[in-house]
Amino acid sequence: MASEAPFRPLVSVVITVRNEEPNLRRLFEGLLVQEPPFEIVFIDALSRDRSFEIAEEYARRHPGTILAFQRYGSRGVGRNAGVAYARGEFVAFIDGDCVPDPGWLSALRRELRHAEVVAGRTEPIGRVRYGALERIELYQKGSDVTYPSCNLAYRRALFDQLGGFDPRFITAEDIDLNLRAVHRGATIQYAPDAVVYHQMRATVLRFLYQAFWNGYGRKQLTEKHGSLWSDYRPRRLLQRQRGGMAWLRLCAAAFGYSARIVGGWGSRLTPAASSPIVANPGTER
Numbered sequence: 677m678a679s680e681a682p683f684r685p686l687v688s689v690v691i692t693v694r695n696e697e698p699n700l701r702r703l704f705e706g707l708l709v710q711e712p713p714f715e716i717v718f719i720d721a722l723s724r725d726r727s728f729e730i731a732e733e734y735a736r737r738h739p740g741t742i743l744a745f746q747r748y749g750s751r752g753v754g755r756n757a758g759v760a761y762a763r764g765e766f767v768a769f770i771d772g773d774c775v776p777d778p779g780w781l782s783a784l785r786r787e788l789r790h791a792e793v794v795a796g797r798t799e800p801i802g803r804v805r806y807g808a809l810e811r812i813e814l815y816q817k818g819s820d821v822t823y824p825s826c827n828l829a830y831r832r833a834l835f836d837q838l839g840g841f842d843p844r845f846i847t848a849e850d851i852d853l854n855l856r857a858v859h860r861g862a863t864i865q866y867a868p869d870a871v872v873y874h875q876m877r878a879t880v881l882r883f884l885y886q887a888f889w890n891g892y893g894r895k896q897l898t899e900k901h902g903s904l905w906s907d908y909r910p911r912r913l914l915q916r917q918r919g920g921m922a923w924l925r926l927c928a929a930a931f932g933y934s935a936r937i938v939g940g941w942g943s944r945l946t947p948a949a950s951s952p953i954v955a956n957p958g959t960e961r
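Position 270 of the sequence shown, counted from 1, bears residue number 946 in the working numbering, the numbering being contiguous throughout.
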């Protein structure tokens with residue numbers, strides 16, 4: 677039986693960050709050893725640290741491979757801006773506090789040959805006890821739509837048909853995009869060999885801050901899509917929370933969910949879709 681022809685389409689890796697200076701060199705070095713062809717489109721949300729300067733440094737050293745731009749906004753706004761600059765048939769998303777396994781892109785490509793959406797395996801590093809807490813899956817039409825966009829790839833044509841990420845979301849913009857994809861008929865293919873290592877929050881305060889906004893985003897999801905978690909009963913959900921950190925996370929998320937209900941508190945943080953792009957002159961096409 678004849679083997680399949682090599683499948684090496686251009687993949688555009690899109691990164692959006694804010695204040696990730698300590699992590700970016702590890703990320704860029706991890707991306708530069710991936711299987712070609714690829715390009716890296718970096719969007720900085722006007723960081724207060726040296727994140728953009730580091731990206732510019734790598735863009736100068738690797739012209740045509742790394743593009744660096746600035747645009748203030750949510751993660752959805754930044755990723756949409758990155759995809760707008762991308763040339764690839766496929767777009768892969770990763771976060772600034774992540775490091776890809778050397779075989780990450782090749783593993784994604786193997787699944788992208790036959791799939792429109794591929795989610796890789798995300799492994800926590802650092803304060804692992806924060807990241808090891810159980811993720812509450814949400815299945816729609818046979819696919820888990822809660823795979824995070826720190827390790828997610830889309831066929832560009834489908835991404836464009838969906839209109840990209842909804843910029844109104846503060847968090848959970850990836851779940852919203854995945855929901856719209858499966859409702860359009862796509863299946864999310866899981867690629868366990870496409871591994872990304874995700875740096876966990878360094879302090880309890882940052883961990884709870886993230887949990888708060890995750891809860892806020894879940895309420896935004898129900899406003900847009902209806903009662904998505906209707907199959908989950910409160911008692912059943914509480915039974916899944918084991919240990920003090922799990923309970924703290926649940927309480928912080930519930931507070932964020934409630935904050936969205938009370939007058940849409942925090943909506944002022946949602947950026948305007950018309951916020952300008954400030955490009956690095958050295959990376960203009």
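We put the CB at the ideal spot given by N, CA and C, even for glycine.
- Remark: fewer than three beta-carbon pairs, one from each stretch, lie closer than 8 Å, so the region 734 to 749 and the region 778 to 796 are not flagged as touching.
- The beta carbons of arginine 789 and phenylalanine 714 sit no closer together than 8 Å.
- For glutamate 799, the enclosing beta strand (DSSP E) stretches over residues 793 to 801.
- Its chain contains Leu814, Val821, Thr822, Gly893, Leu897 as the residues whose beta carbon lies nearer than 8 Å to that of isoleucine 851, once the 5 sequence neighbours on both sides are disregarded; these appear in chain order.
- Here the C-alpha atom of arginine 844 lies approximately 8 Å from the C-alpha atom of serine 750.
- By the Cβ-count criterion, proline 712 is exposed, with fewer than 16 other Cβ atoms from all chains shown falling within 10 Å of its own Cβ.
- Within a 10 Å sphere around the beta-carbon of glutamate 729 sit fewer than 16 other beta-carbons, which makes this residue exposed.
- Excluding five sequence positions before and after threonine 863, the CB atoms of its chain that fall closer than 6 Å to its own CB belong to Ser819, given in chain order.
- Beyond the five residues adjoining it in sequence on each side, alanine 762 comes within less than 6 Å, by CB distance, of Ser688, Val717 in the same chain, given in chain order.
- Distance from the CA of threonine 798 to the CA of phenylalanine 835, rounded to the nearest whole angstrom, comes to 22 Å.
- Within its own chain, no residue has a Cβ closer than 6 Å to the Cβ of glutamine 837 once the five positions on either side in sequence are excluded.
- Valine 709 has its alpha-carbon roughly 22 Å from the corresponding atom of arginine 755.
- DSSP, read as helix, strand or coil, puts histidine 901 in helix.
- For alanine 735, the enclosing alpha helix (DSSP H) covers residues 727 to 737.
- Taking alanine 867 as the centre and dropping the five residues before and after it, the same chain places the C-beta of Ala783, Leu784, Arg786, Glu787, Val794, Ala795, Gly796, Arg797 closer than 8 Å to its C-beta, in chain order.
- Contact annotation, glycine 758 with isoleucine 719: C-beta distance approximately 5 Å; criterion of less than 8 Å satisfied.
- Collapsing the DSSP output to three states places valine 687 in a strand.
- Counting along the chain, glutamine 837 sits inside the alpha helix (DSSP H) bounded by residues 832 to 838.
- The DSSP-derived three-state label of alanine 768 is strand.
- Between the alpha carbons of proline 739 and glycine 752 lies a gap of roughly 26 Å.
- Per DSSP, reduced to three states, the secondary structure at aspartate 777 is coil, with no helix or strand assignment.
- Under the three-state reduction of DSSP, isoleucine 851 is assigned to helix.
- No Cβ-Cβ contact shorter than 8 Å links valine 858 with valine 767.
- Here DSSP, grouped into helix, strand and coil, assigns serine 819 to strand.
- In this structure, valine 775 keeps its C-beta atom at 8 Å or more from the C-beta atom of arginine 831.
- Bounds of the beta strand (DSSP E) holding phenylalanine 718 are 714 to 720.
- Arginine 702 sits in a helix when the DSSP states are folded into three classes.
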